[in-house]
Every structure is written in structure tokens, then in C-alpha cells.
Amino acid sequence: MIASSELILNDRGAVYHLDLRPEEIAHTIITVGDPGRVPVVSRHFDRIEFQRSHREFVTHTGTIGNKRLTVISSGIGTDNIDIVLTELDALVNLDLEKRIEKPLHTTLQLFRLGTCGGLQADIPTDALVISTHGLGLDNLMHYYACSFSDAEQELTRAFIAHVGWEHGPIKPYLIAADTQLLRNFTSTPHALSPYQGITASCPGFYGPQGRQVRATLAYPRLVDQLTSFRFQQHRITNFEMETSALYGLGRMLGHQCLSISTIVANRASRSFSHNPQQAIEQMITRFLDCWLGLQP
Numbered sequence: 005m006i007a008s009s010e011l012i013l014n015d016r017g018a019v020y021h022l023d024l025r026p027e028e029i030a031h032t033i034i035t036v037g038d039p040g041r042v043p044v045v046s047r048h049f050d051r052i053e054f055q056r057s058h059r060e061f062v063t064h065t066g067t068i069g070n071k072r073l074t075v076i077s078s079g080i081g082t083d084n085i086d087i088v089l090t091e092l093d094a095l096v097n098l099d100l101e102k103r104i105e106k107p108l109h110t111t112l113q114l115f116r117l118g119t120c121g122g123l124q125a126d127i128p129t130d131a132l133v134i135s136t137h138g139l140g141l142d143n144l145m146h147y148y149a150c151s152f153s154d155a156e157q158e159l160t161r162a163f164i165a166h167v168g169w170e171h172g173p174i175k176p177y178l179i180a181a182d183t184q185l186l187r188n189f190t191s192t193p194h195a196l197s198p199y200q201g202i203t204a205s206c207p208g209f210y211g212p213q214g215r216q217v218r219a220t221l222a223y224p225r226l227v228d229q230l231t232s233f234r235f236q237q238h239r240i241t242n243f244e245m246e247t248s249a250l251y252g253l254g255r256m257l258g259h260q261c262l263s264i265s266t267i268v269a270n271r272a273s274r275s276f277s278h279n280p281q282q283a284i285e286q287m288i289t290r291f292l293d294c295w296l297g298l299q300p
């Protein structure tokens with residue numbers, strides 16, 4: 005039995021941070037960072053059956069045709085992904101009244117639709133990038149007993165050697181996307197984008213992404229090092245603040261996860277989108293068209 009101090013429920017029996025009950029979510033879930041982006045996604049629904057707003061977590065559940073889906077805002081950062089994934093998983097895989105795990109596991113499909121910074125000059129602003137891996141430059145997954153494949157460990161070691169972090173203090177980790185979802189969204193006729201690669205997830209927007217405003221950077225060459233990394237067929241295409249945790253916790257909890265991002269700023273070419281809102285809208289419509297085309 006899970007203690008009430010470990011999994012907190014509110015007065016209506018909903019999970020503490022998201023304020024959601026099991027019947028209020030679908031098994032296909034889109035996560036966005038910005039709460040204001042939730043209605044931008046849900047306006048494409050034929051019907052919205054449920055809406056909830058609590059803290060930075062805004063949730064809309066509805067249908068397109070006969071397909072049910074949920075869109076939820078996660079807020080910014082891997083720490084928020086820790087909350088969102090843990091509580092979404094609890095909604096489908098725990099008996100909340102008895103506080104025990106259900107005998108049969110339910111797998112969620114989780115898609116992150118986000119914005120990011122580009123790291124390769126050949127990938128233009130407004131392009132979509134599909135994350136083959138999440139490279140964690142944060143520390144979230146070090147608090148979990150997460151396992152990594154041999155290929156993931158080899159790729160991580162190559163990156164650590166490239167940036168010279170063999171002796172710390174940052175300890176990167178790397179986790180691959182769900183194989184089936186990656187294949188579905190990168191293979192014709194449903195290919196969402198020609199661009200795919202490793203997404204680095206940083207624990208902040210300024211210093212951790214190499215931006216110096218007033219505080220002096222400890223790693224002033226970080227952006228160049230991310231851009232220049234190559235190992236076998238792999239390169240780091242973009243960076244943001246959530247994907248590594250999504251892939252890591254998704255794997256540990258038995259869910260299928262895929263991260264898709266629109267490049268609004270390209271750090272390699274020093275360019276910024278002329279119309280980021282239009283680019284985000286195009287990402288949403290292209291994703292939904294692609295997702296609907298994959299449904300039975």
C-alpha cells in the first residue's frame with residue numbers, strides 16, 4: 005500500500021498537482037510546456053468533454069472523430085515532467101482508493117509538442133525535429149534506478165569524452181525514444197519531418213544553454229561542443245528542457261513516448277523564427293494529421 009504522504013490525493017480523490025481523476029484523461033496524451041498552448045491544441049478537437057486548470061497544469065480531454073485524446077501543459081523543466089508523468093501513470097496504473105498497483109498495466113502514448121533551439125545550421129528555423137534520444141544534462145534520472153542499453157551507454161561515453169566531463173561535475177545520461185513511435189512518425193507515408201536526432205535537455209534556459217546575460221558561464225563552449233558532437237550516425241540537433249525526463253520516466257513506467265519540437269531559434273545560424281506562433285500551429289496540425297493517419 006502506498007502511503008498518503010507518498011501519493012497525495014485531494015478532497016475529490018484527484019492526484020495532487022494535476023487535480024485529475026482517472027476518467028478525466030485519455031490514453032493518448034499530448035504534453036505542451038505553455039498552459040496557453042493547451043487551447044491552441046484542443047481547438048482542433050471535435051468535442052471537448054473535460055477541462056481542468058490547477059497551478060501551471062491545464063488539461064483538456066476530448067475527441068477527434070471517435071478517437072479520444074488529452075492535452076496537458078507540463079510547465080517548464082524536467083522537474084515538472086517528474087510530476088506530470090508520475091501522476092498520469094498513477095491515474096491509469098494504481099487503484100487510487102486502495103492505493104495499490106493494478107494487476108494489469110496500462111500503457112499511455114505520450115507526445116511532447118514543444119519549442120526548442122536548433123544546434124545545426126542545416127536545419128532551418130520553423131522546422132520540426134523528432135527526438136531519437138533525450139540527452140539529460142540535468143540530474144533527474146539519477147534519482148531513479150533507471151537502466152540503459154549498451155548502445156545508450158556507448159553513446160553517452162562518447163559525448164562525455166567529447167565535452168571532457170569524465171570527472172564531472174555534470175553527469176549526462178541518454179535514453180532512446182520509443183522504437184515503435186519513432187518508426188511510425190519517421191517512416192513514409194506518415195513521416196512527420198525529415199529531421200531527427202539527439203535532443204539535449206538542459207536544467208535552465210540561460211547558463212545551461214550557453215546564454216550569458218550578466219552571470220559568468222562555467223561552460224562558455226557548451227553550445228559549440230553540442231553542435232560539433234558526432235558519433236556513428238548520431239548528432240545533437242536541438243536542445244530544450246524536458247525530453248530526457250519524458251523518455252527516462254516513460255521507459256521506467258512502461259509508456260510510449262515521443263518528443264517533437266519546432267525550432268524557433270537556431271543557435272548555430274543565429275536566426276529566430278519570423279512567426280513562431282504560426283510555426284507552432286503548423287506543428288500541431290501536422291502532428292494531428294499524421295497521428296490520425298496512423299489510427300486503425
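Per our numbering, the very first residue in the sequence shown carries number 5; after that it's consecutive.
Where is the CB? At the ideal position from N, CA and C, for every residue including glycine.
- Across the structure, I68 and F49 are spaced so that their CA atoms are roughly 5 Å apart.
- Remark: C-beta atoms of I264 and M287 approach each other more closely than 8 Å.
- With a cutoff of 8 Å on beta-carbon distance, T241 and T203 are scored as near each other.
- With contacts defined by Cβ atoms closer than 8 Å, L132 and Y199 form a contacting pair.
- F209 sits exposed, since fewer than 16 C-beta atoms from the chains shown fall within 10 Å of its C-beta.
- Judged by their CB atoms, P26 and L95 are nearer to each other than the 8 Å cut-off.
- Residue pairing by DSSP puts K71 in a beta bridge opposite I68.
- In this structure, the straight-line span from the alpha carbon of L292 to that of T220 is close to 42 Å.
- DSSP places H146 in the helix class (H, G or I) of the three-state scheme.
- Counting only runs of 3+ residues, the beta strand (DSSP E) found wholly inside the segment 99-156 occupies 113-122 and 132-140, in chain order.
- In this structure, the beta-carbon distance from R41 to S8 does not fall below 8 Å.
- Judged by DSSP secondary structure, Q200 falls within the beta strand (DSSP E) whose first and last residues are Q200 to S205.
- Q260 carries a strand assignment under DSSP once its states are collapsed to helix, strand and coil.
- For H194, the CB contacts under 6 Å within the same chain, skipping 5 residues up- and downstream, are C294, G297 and L298 in chain order.
- Ranked by Cα distance from D99, the first of Q281, F235, M5 and L144 is M5.
- With 16 or more other CB atoms across the displayed protein chains lying within 10 angstroms of its CB, E244 is buried.
- At a cut-off of 3 residues, the continuous stretches assigned as beta strand (DSSP E) that sit fully inside the segment 182-255 are 200-205 and 238-244.
- Taken atom to atom, the span from the alpha-carbon of S46 to that of G211 is near 34 Å.
- Under the criterion of beta carbons closer than 8 Å, E246 and G118 qualify as touching, at roughly 7 Å.
- Within its own chain, the residues whose Cβ lies closer than 7 Å to the Cβ of A283, once the five positions on either side in sequence are excluded, are D130, T266, V268 and S277, listed in chain order.
- With a contact defined as Cβ atoms closer than 8 Å, L250 and L114 qualify at about 7 Å.
- Classified as buried, T82 has 16 or more neighbouring CB atoms from the shown chains inside 10 Å of its CB.
- Under the three-pair Cβ rule at 8 Å, the segment 141-158 does not count as touching the segment 50-65.
- From the listed residues R239, N14 and H31, the smallest Cα separation to I134 is found for R239.
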